[in-house]
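Here's the structure, in structure tokens; my notes come after.
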Amino acid sequence: MSLSSHDVFNAPDWWRQAVVYQIYPRSFADANGDTIGDLKGITSRVPYLKDLGVDAVWLSPFYPSALADGGYDVDDYRDVDPKIGTLDDFDEMVAALHAAHIKVVVDIVPNHSSDRHEWFKAAVAAGKGSPERDRYIFRDGKGENGELPPSSLRSIFGGDAWHRVTEPDGTPGQWYLHLFAKEQPDFNWDNPEVHADFLKTLRFWSDRGVDGFRVDVAHGLKKNLDPAFDAMIGVDDGIVESGDGQHPLWDRDEVQDVYAEWRAVFNEYDPPRTAVAEAWVRPHRQARYSSPAGLGQTFNFDLLRAEFSAADFHDVVDRNLKAAKEIGGSTTWVFSNHDVVRHATRYGLPGGAVGAGAPGAGSTTGGNDGKQWLLDGGDPSAVDQAKGLRRARAATLFMLALPGSAYLYQGEELGLQEVSQIPDADRQDPAFFRNREVEIGRDGCRVPLPWTREGSSFGFGADGSHLPQPEWFADYAVDVQSDDPASTLNLYRRALALRHELECEEALEWTQVSPTVLAFARPDGWSAVTNFGTEPVALPEGEVLLASGPLGDGRLPGETTAWLRR
Ligand code: GLC
Ligand code: CA
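Below, the structure is given as structure tokens:
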């Protein structure tokens with residue numbers, strides 16, 4: 002099947018090779034000048050997104066929330082946070098995006114609600130043993146008076162995974178489970194009402210024209226709690242080690258039953274709604290989430306975790322394309338998101354290697370994911386920014402030539418570096434407050450975007466930004482880069498435009514695999530070559546369409562990717 006630039010938007014399987022741009026709404030564009038990005042801000046920037054050439058946007062949560070975890074603590078799944086807009090603003094935004102032929106994916110957070118959700122308030126008010134409490138995971142404490150948590154389980158953000166409530170009569174009472182912050186009580190997915198309510202939510206947004214869903218912590222949900230209560234299980238280990246479908250908390254086989262139900266709802270629509278799972282699972286388990294009978298796609302974090310090396314990139318791509326082919330799915334690629342240190346910075350860190358783990362999970366490779374560097378004060382002079390950006394541009398151009406869909410995170414098209422030094426008083430991430438010994442948190446990749454060199458908050462909004470922007474943001478501003486042919490923004494624009502022109506079957510053939518160079522060809526004669534080394538190498542034959550950096554007389558410099566046509 003071939004998708005030409007004209008029919009991607011209307012093709013039922015548009016998602017298979019889509020470029021999806023992640024918007025972190027409160028840090029994208031602020032239309033009303035209250036320092037927080039909003040839906041009207043997104044609508045105002047649709048022309049920018051269209052010029053950039055993305056096929057879809059994925060919005061991180063915009064639901065009513067106290068922002069205990071940047072909106073991943075949802076008070077109401079079927080409304081818009083008044084701080085960010087209204088349902089009418091939402092409809093207007095969807096219409097504007099669709100008019101620009103951009104699909105809309107929203108984030109759905111099924112593992113936990115916020116502690117301000119009406120169900121949770123009802124659960125606390127209704128007391129022990131009530132049907133209201135059964136929608137969450139309440140247990141009696143241990144110790145003589147139940148004063149000790151039911152188990153030693155730790156939260157992903159640090160500290161206990163249990164919090165004690167005060168019963169309606171004012172006495173200290175039961176404890177509830179929160180694998181994330183204490184403001185994020187975990188749902189009980191053995192309760193049919195929880196199932197029904199999420200189906201309602203999926204239909205609510207699908208009816209409003211949403212094209213797909215990003216499923217937060219998709220490998221959570223189903224738990225086999227009783228053993229988990231007694232065992233001393235590090236939550237981090239859970240994410241990394243789960244692999245047989247039997248772990249008490251993560252990636253249990255029966256979580257797929259939930260997604261089979263969801264799939265039935267997605268298929269009620271024409272075209273069927275799509276979904277992508279955030280599932281930090283072992284590679285051999287990813288296919289369960291991406292099967293066509295389930296969510297259809299899963300984030301594949303393997304490239305994000307890989308070292309910048311030909312061998313690692315080759316392995317990751319080869320393995321994932323084979324796995325996708327086996328199940329008839331399509332694979333995804335990603336280097337940056339709102340949970341990890343920006344890849345232009347990771348690639349410039351000392352140690353050469355890079356790897357980034359799930360939130361709270363620490364590094365999952367021997368590589369440098371930047372967390373320790375941030376914890377040690379995030380000294381910018383420790384980063385070789387030029388090298389980081391050079392590698393990031395090469396890696397991104399490599400990714401954008403691959404079959405499958407590519408996920409971009411707002412600001413990476415500007416080559417933005419991580420904001421590593423934020424005053425403690427300005428930090429917002431719960432990981433900072435709960436888990437200080439282990440990580441400083443994720444605020445550094447969530448700083449509002451610079452749109453203009455001059456002006457209040459670099460054009461983000463009329464009156465400042467909710468996280469402080471550093472002065473050097475001026476150099477990265479959209480207006481500065483727009484007219485510079487060599488800018489990272491223009492590299493992304495040209496790459497996405499070409500990708501549309503060249504878009505072809507989901508196949509790839511390796512044409513060179515050496516310790517420092519990878520080259521592959523796509524069916525219609527489009528090929529990409531990346532030099533992972535530092536010494537220039539010969540360019541393969543063909544017309545050069547685009548390169549991630551300047552080419553020297555027919556040679557491909559180190560840490561550079563070129564696209565060619567035969
Ligand atoms: C996911 C989100 C992350 C959030 C967590 C809890 O990992 O990407 O930002 O903190 O889930 O909802
Ligand atoms: Ca605003």
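If you count the sequence shown from 1, you need to add 1 to reach the numbering used here. Virtual Cβ for every residue (Gly too), placed ideally from N, Cα, C.
Q) DSSP puts ARG140 in a beta bridge; with which residues? A) For the purposes of this step, residue 140 is identified with residue 139 of the sequence shown, where counting begins at 1. According to DSSP, ARG140 bridges with TRP176.
*Contact set, ligand 2 heavy atom to C-beta under 5 Å*: ASP31, ASN33, ASP35, ILE37, ASP39
*asked:* As a quick exercise: from ASP554, GLU536, SER528, pick the residue whose alpha carbon is nearest that of LEU546.
replied: The residue given as residue 546 occupies position 545 in the sequence shown. Out of ASP554, GLU536, SER528, SER528 has the C-alpha closest to the C-alpha of LEU546.
Rounded C-alpha distance that separates ASP258 from ILE24: Mapped onto the sequence shown, residue 258 falls at position 257. Mapped onto the sequence shown, residue 24 falls at position 23. In a straight line, the C-alpha of ASP258 is about 30 Å away from that of ILE24.
message = For a minimum of 4 consecutive residues, which ranges assigned as the alpha helix (DSSP H) are wholly contained in the segment 441-512?
response = 479-483, 489-503
Contact between the segment 208-215 and the segment 188-197 is defined here as three or more beta-carbon pairs at a separation below 8 Å; is this criterion met? no
Can you tell me whether SER406 is helix, strand or coil according to DSSP? As a first step, residue 406 is located in the sequence shown; it is residue number 405 there, counting from the start. Strand, per DSSP.
Practice problem: Would you identify the three-state DSSP class for ASP116, choosing helix, strand or coil? | Solution: Here residue 116 refers to the residue found at position 115 when the sequence shown is read from its first residue. DSSP places ASP116 in coil when its eight states are reduced to three.
Review point. Among LEU50, GLY130, LYS41, SER152, which residue has its Cα nearest to the Cα of ASP90?
Key: Here residue 90 is taken as the residue at index 89 of the sequence shown, counted from 1. Cα-wise, what sits closest to ASP90 is LYS41.
Item to complete: Go ahead and pull the three-state DSSP assignment for ALA387.
Response: Sequence index remark: in the sequence shown, residue 387 carries index 386 (1-based). If DSSP states are grouped into helix, strand and coil, ALA387 belongs with the helices.
Can you tell me whether DSSP reads SER364 as helix, strand or coil? Here the question's residue 364 lines up with position 363 in the sequence shown. Legend: pLDDT at SER364 = 37, less than 50; position of this residue unreliable, value from coordinates given subsequently. Correct three-state label for SER364: coil.
If you measure between the beta carbons of ARG17 and SER331, is that distance less than 8 Å? Start at 1 with the first residue of the sequence shown, and residue 17 comes out as number 16. Start at 1 with the first residue of the sequence shown, and residue 331 comes out as number 330. Yes, Cβ-Cβ distance for ARG17 and SER331 is below 8 Å.
Ligand 1 heavy atom lying under 7 Å from the CB of PHE199: Numbered from its first residue, the sequence shown carries residue 199 at position 198. Checking the Cβ of PHE199 against ligand 1 gives no.
Does the segment 437-444 come close enough to the segment 50-66 to have 3 or more Cβ pairs within less than 8 Å?
-> no
Going by alpha carbons, who is nearest to PRO469 out of ARG391, TRP564, PRO424, GLU506?
-> What you label residue 469 is simply residue 468 of the sequence shown in a count that begins at 1. The shortest Cα separation from PRO469 among ARG391, TRP564, PRO424, GLU506 belongs to PRO424.
Is the closest heavy atom of ligand 1 to the C-beta of TYR570 under 7 Å? Outside the shown range of the chain, which is 2 to 567, sits residue 570, and nothing can be said about it.
Worksheet entry | beta-carbon GLU419 near ligand 1 non-hydrogen atom, thresh 7 Å | Locating residue 419 in the sequence shown gives position 418, where the first residue counts as 1. No, the beta carbon of GLU419 sits no closer than 7 Å to any heavy atom of ligand 1.
Requested in this report: Return the bridge partner residues of ARG531 from the DSSP annotation.
Outcome: By 1-based counting over the sequence shown, the position of residue 531 is 530. Before going on, a small fix: residue 531 reads as Thr here, not Arg. In DSSP, THR531 forms a bridge with LEU519, THR562.
- Confirm the yes/no value for this check: CB of ASP70, any heavy atom of ligand 1, distance under 7 Å. Position 69 of the sequence shown, counting from 1, holds the residue named residue 70. It does: the Cβ of ASP70 is within 7 Å (strictly closer) of some heavy atom of ligand 1.
Spatial distance of VAL355 from ASP485 (CA atoms)
By one-based count along the sequence shown, residue 355 stands at place 354. By one-based count along the sequence shown, residue 485 stands at place 484. Legend: pLDDT at VAL355 = 47, less than 50; position of this residue unreliable, value from coordinates given subsequently. Rounded to the nearest angstrom, the two C-alpha atoms are 29 Å apart.
Report task. Could you check which residue in HIS285, VAL277, ARG274, PRO273 has the C-alpha nearest to that of ASP254? Result -> Within the sequence shown, the letter at position 253 stands for residue 254. Considering only alpha carbons, the answer is HIS285.
Margin query: Let me check understanding here. Comparing Cα to Cα, which of ARG140, TRP120, PRO293, ALA182 lies closest to GLU133?
Written below: For the purposes of this step, residue 133 is taken as the residue at position 132 of the sequence shown. Residue TRP120 is the option with its Cα nearest to GLU133.
How far does the beta strand (DSSP E) with PHE214 in it reach, from first residue to last? As a first step, residue 214 is located in the sequence shown; it is residue number 213 there, counting from the start. Taken as a continuous stretch (DSSP letters only), the beta strand (DSSP E) holding PHE214 covers 213-216.
Proximity test, GLU510 beta-carbon vs ligand 1 heavy atom, cut-off 7 Å: The count along the sequence shown starts at 1 and reaches residue 510 at position 509. Result no, Cβ not under 7 Å from ligand 1.
* What is the C-beta distance between PHE188 and HIS113, in whole angstroms, given that I count them as a contact (C-beta under 8 Å)? -> Position 187 of the sequence shown holds residue 188. Position 112 of the sequence shown holds residue 113. With 8 Å as the limit, PHE188 and HIS113 qualify as a contact, their Cβ atoms being about 6 Å apart.
| request: Flag VAL106 as yes when its Cβ comes closer than 7 Å to any non-hydrogen atom of ligand 1, and as no otherwise. | output: Residue numbering aside, residue 106 sits at position 105 when the sequence shown is read from its first letter. VAL106 Cβ: outside cutoff for every heavy atom of ligand 1.
* Assigned secondary structure, GLY42 (DSSP; H/G/I helix, E/B strand, else coil) -> Numbered from its first residue, the sequence shown carries residue 42 at position 41. Looking at GLY42 - three-state DSSP - the assignment turns out to be helix.
Specify the secondary structure class of TYR25 as computed by DSSP and reduced to three states. The sequence position of residue 25 within the sequence shown is 24, counting from 1. Note: TYR25 maps to coil in three-state DSSP.
> Quick one: is the Cβ of PHE181 within less than 7 Å of any heavy atom of ligand 1?
Replying inline: On the sequence shown, residue 181 is found 180 positions in, with the first residue counted as 1. Under cutoff, so the answer is yes.
Notebook entry, point to check: Tell me the DSSP bridge mates of TRP190?
Noted result: Residue mapping note: residue 190 aligns to position 189 of the sequence shown, counting from 1. Paired residues: none, contrary to the question.
If we ignore side chains and look at the alpha-carbon of each, how far apart do GLN67 and ASP76 end up? Mapped onto the sequence shown, residue 67 falls at position 66. Mapped onto the sequence shown, residue 76 falls at position 75. Sequence inspection shows Ala at residue 67; the Gln mentioned does not correspond to that position. C-alpha separation (whole angstroms): 8 Å.
**Study point:** Rounded straight-line distance, which links the Cα of THR275 to that of PRO558
**Key:** The residue you call residue 558 lines up with position 557 of the sequence shown. The residue you call residue 275 lines up with position 274 of the sequence shown. Near 40 Å, if we compare the C-alpha coordinates of THR275 and PRO558.
- Query: How about ALA278 and PRO516: do their beta carbons lie closer than 8 Å?
  - Reply: The residue labelled residue 278 in the question sits at position 277 within the sequence shown. The residue labelled residue 516 in the question sits at position 515 within the sequence shown. For ALA278 and PRO516, no; Cβs fall outside 8 Å.
Local conformation of GLU438 per DSSP, three classes: What you label residue 438 is simply residue 437 of the sequence shown in a count that begins at 1. DSSP places GLU438 in coil when its eight states are reduced to three.
Same chain, Cβ closer than 6 Å to ALA288, five either side skipped, listed in chain order: Within the sequence shown, residue 288 is the residue found at index 287, counting from 1. Excluding positions up to five away in sequence, the list reads ALA324, ILE328.
Does ligand 1 have even one heavy atom less than 7 Å from the beta-carbon of VAL530?
Here residue 530 corresponds to residue number 529 of the sequence shown, with the count starting at 1. Answer for VAL530: no, Cβ out of range of ligand 1.
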